[in-house]
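Undergrad: Handing you a structure now.
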Amino acid sequence: MPFKTDKRMRLTVSLTMISVILGLMLSMQYKNMRVTADAQAKLPQTDPKAQYTAEQLDRIKDENKGLEEDIEKLNKQLHGLEKQAGDVDKNLAPEIRDDLTKYKIMAGLLAVKGPGITFTVDDNKKDIPADKDVLLYITHDSDLRMIVNELLIAGAEAVSINGQRITTTTGIVCIGTMVKVNNQRITTPFVFNAIGDPKNMINALETRGGVIEVLTRPENGRYLTITPPKQSPSITIPGYAGDFNGLKK
Amino acid sequence: METKHKVSLFMVSLLLGSMLTVQFSTVHRPRTDTNVVDNVQLNAELATEKDRQKFYYSEINRLEDQVKSYENKQGNRDELVKAMADDLDKVKTLAGVKPVKGNGIVITIEDSFDAIAAGGDPSKAASLDYYLYQLINYLNGNEAQAVAVDNHRIVSLSSIRMISQNNLQVNAVMIDPKSITIKAVGNIEQMKIGMNLFPQFFREMGKDFKITDVTNGNLTIPAYDTPVEFKYAQPEGDNKL
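In order, the protein sequence lines correspond to chains L and C.
The first sequence begins at 1 in our numbering and counts up by one.
The second sequence begins at 250 in our numbering and counts up by one.
Shown next, in the form of structure tokens:
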């Protein structure tokens with residue numbers, strides 16, 4: 001019996017020790033994590049410099065949006081004058097007028113209207129399982145470019161993403177977590193507008209093994225959300241106001 | 250040790266173990282905080298927007314002058330034709346239907362024994378089209394002003410498509426996938442930064458990737474030469490093209 005008590009004592013002591021150590025470790029661990037998490041959460045609000053820059057950036061972006069509208073209006077006015085010139089003077093070489101219109105559409109300078117489709121591409125907003133790569137759930141520049149390529153193969157005549165017209169020199173690139181189209185930042189959800197034969201474009205996107213399957217099916221390893229393309233008799237796509245990477249001086 | 254003790258010890262360990270696991274998995278989840286702002290990034294964006302604004306102001310002046318000159322010339326046929334022809338010339342350059350000449354880079358992507366010997370797998374070239382249009386995308390995203398793939402000019406309507414292993418099409422015209430030459434006029438340094446990741450992608454397909462600078466101003470990007478016709482898109486406000 002005394003032998004047994006001794007054994008029980010030893011067991012109790014060691015168990016207590018283990019519990020104490022583990023308890024300490026746990027609380028330290030928890031505190032440590034809380035501190036780092038708090039520090040991370042506080043960082044953005046406590047940098048007044050960044051906040052100032054952000055405000056400036058918002059203001060200049062608003063101004064630029066207004067200027068883009070002015071440029072679009074002037075381009076329309078110019079197009080109207082060119083047409084008028086052709087209508088008034090029948091001897092005025094009509095091919096100049098028609099070529100001007102055609103190549104302005106092709107370059108992306110003029111806002112255009114016509115039948116087409118619209119759809120939205122978005123990141124997967126559901127909780128991402130811990131064993132899966134986050135990158136498979138978010139939209140990449142390459143995904144957007146892939147969709148544009150498919151639309152053009154299907155005969156799209158004009159394409160825009162969040163109002164950014166695809167032009168001769170358009171790049172769709174990620175810089176960090178930002179997606180930039182025509183060097184302008186765009187954010188999710190990505191709204192595609194495309195003018196062209198709606199049936200052709202929808203078939204190309206929705207075909208078996210097509211771009212929607214590739215980007216949204218778990219068996220293909222991707223989990224994006226893409227709304228079914230909707231046909232519309234009249235889609236409007238804005239013109240591009242920028243400098244074509246410096247080609248337009 | 251008694252079985253009772255063993256069991257209780259086991260239970261305690263189990264409980265602590267699961268507590269630890271829960272603790273770690275909840276706290277260690279990656280933070281999806283999109284509000285983290287970086288002042289360096291903001292400043293870069295601000296500089297871009299300021300440059301853009303400068304360009305927009307000059308563009309508005311130019312367009313206003315053009316509108317005025319068109320209005321003044323409405324009665325004078327010869328002058329009006331000349332003004333429109335001048336404008337057409339500029340618009341053609343922007344559309345890509347006129348050649349562009351300047352400084353830039355030439356990229357060659359060729360099947361290579363060395364790249365295969367180093368572990369490149371030619372069967373991966375099934376996605377050659379994907380990497381080619383990403384490459385062009387990254388040239389354009391890095392200040393390229395004009396790009397051609399095997400002398401087929403890249404324009405707003407350009408697409409690239411691999412129909413079969415030996416049938417790679419640019420602008421719906423077949424090119425040889427074994428040896429591809431891409432020319433790009435634009436900001437040499439910036440375009441090369443944009444190409445950083447690409448040599449590796451092509452080496453993995455068993456292809457060699459080479460970039461040559463052209464700084465004598467003589468790199469010529471040919472014009473897009475397929476006839477263009479818009480059947481669906483028409484200028485907003487027009488009834489008929």
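Glycine included, every Cβ here is placed at the ideal spot set by N, Cα and C.
Remember, predicted model here, so these are calculated numbers, not experimental data.
So, D399 (chain C) versus T357 (chain C), is the Cβ gap smaller than 7 Å?
TA: no
Undergrad: Answer with yes or no whether the minimum CB distance from K341 (chain C) to chain D is below 7 Å.
TA: Among the chains of the structure shown, chain D does not appear; the protein chains present are L and C.
Undergrad: Less than 7 Å separating the beta-carbons of F458 (chain C) and Y380 (chain C)?
TA: no
Undergrad: According to DSSP, what are the bridge partners of H401 (chain C)?
TA: C:V398
Undergrad: Alpha carbon to alpha carbon, what distance is there between V159 (chain L) and V271 (chain L)?
TA: Given a span of 1 to 249 for chain L in the structure shown, any question on residue 271 (chain L) remains unanswerable.
Undergrad: Just to confirm before moving on: does the CB-CB distance between I301 (chain L) and E150 (chain L) stay below 7 Å?
TA: This structure cannot settle anything about residue 301 (chain L), because the visible part of chain L is limited to 1 through 249.
Undergrad: Determine, using beta-carbon pairs with one atom in the stretch 387-403 of chain C and one in the stretch 341-358 of chain C, whether at least three such pairs fall under 8 Å.
TA: yes
Undergrad: Who does D280 (chain L) pair with in a DSSP beta bridge?
TA: No answer is possible for residue 280 (chain L): the residues shown for chain L start at 1 and end at 249.
Undergrad: In whole angstroms, what is the alpha-carbon distance linking T281 (chain C) and T252 (chain C)?
TA: Unreliable positioning characterises T281 (chain C) in this predicted model, as indicated by a pLDDT of 43, which lies under 50. The coordinate reading is nonetheless provided below. Computed Cα separation, rounded: 48 Å.
Undergrad: What span of residues does the alpha helix (DSSP H) with E359 (chain C) cover, start to end?
TA: Looking at the DSSP string, E359 (chain C) is not in any alpha helix (DSSP H); the run it does join, the beta strand (DSSP E), is 349-360.
Undergrad: Under 9 Å between beta-carbons, which chain C residues line up against M146 (chain L)? List them in chain order, please.
TA: Annotation: Cβ neighbours of M146 (chain L) in chain C (cutoff 9 Å, chain order): Y379, Y382, Q383.
Undergrad: Rounded to a whole number of angstroms, what is the C-alpha to C-alpha distance between R222 (chain L) and P129 (chain L)?
TA: Whole-angstrom Cα-Cα distance: 13 Å.
Undergrad: Mind checking if H79 (chain L) is an interface residue toward chain C, Cβ cutoff 7 Å exclusive?
TA: yes
Undergrad: Within the 7 Å Cβ cut-off, does Q302 (chain C) reach chain L?
TA: yes
Undergrad: Note down, in chain order, all residues in the stretch 210-225 of chain L with a beta-carbon under 9 Å from any beta-carbon belonging to chain C.
TA: none
Undergrad: Less than 7 Å between CB atoms is the rule here; does S408 (chain C) satisfy it with respect to chain L?
TA: yes
Undergrad: Here's the rule: buried if 16 or more other CB atoms are within 10 angstroms of the residue's CB, otherwise exposed. What is P484 (chain C)?
TA: buried
Undergrad: Which residues bound the beta strand (DSSP E) around K230 (chain L)?
TA: 230-237
Undergrad: Would the stretch 467-485 of chain C count as touching the stretch 371-390 of chain C if we require 3 or more Cβ pairs under 8 Å?
TA: Because the criterion of three Cβ pairs below 8 Å is not met, the stretch 467-485 of chain C and the stretch 371-390 of chain C do not touch.
Undergrad: Can you tell me whether A364 (chain C) is buried or exposed? The criterion is at least 16 other CB atoms within 10 Å of its CB, across all chains shown.
TA: Buried: at least 16 other Cβ atoms inside 10 Å.
Undergrad: In angstroms, rounded to a whole number, what distance separates the CA positions of G176 (chain L) and D123 (chain L)?
TA: 16 Å
Undergrad: Which same chain residues end up closer than 7 Å to I71 (chain L) when comparing Cβ atoms and leaving out the 5 residues on each side of it in sequence?
TA: A241
Undergrad: Thinking I268 (chain L) and G114 (chain L) are a contact (beta carbons under 8 Å), I'd like their distance in whole angstroms, please.
TA: The requested residue 268 (chain L) does not occur in the structure, where chain L is confined to residues 1 to 249.
Undergrad: For M25 (chain L) and L269 (chain C), I'd like the C-alpha separation in whole angstroms.
TA: C-alpha separation (whole angstroms): 10 Å.
Undergrad: Can you list the residues of chain C that P250 (chain L) reaches, using a CB-CB cut of under 7 Å?
TA: There is simply no residue 250 (chain L) to check, as chain L begins at 1 and stops at 249 in what is shown.
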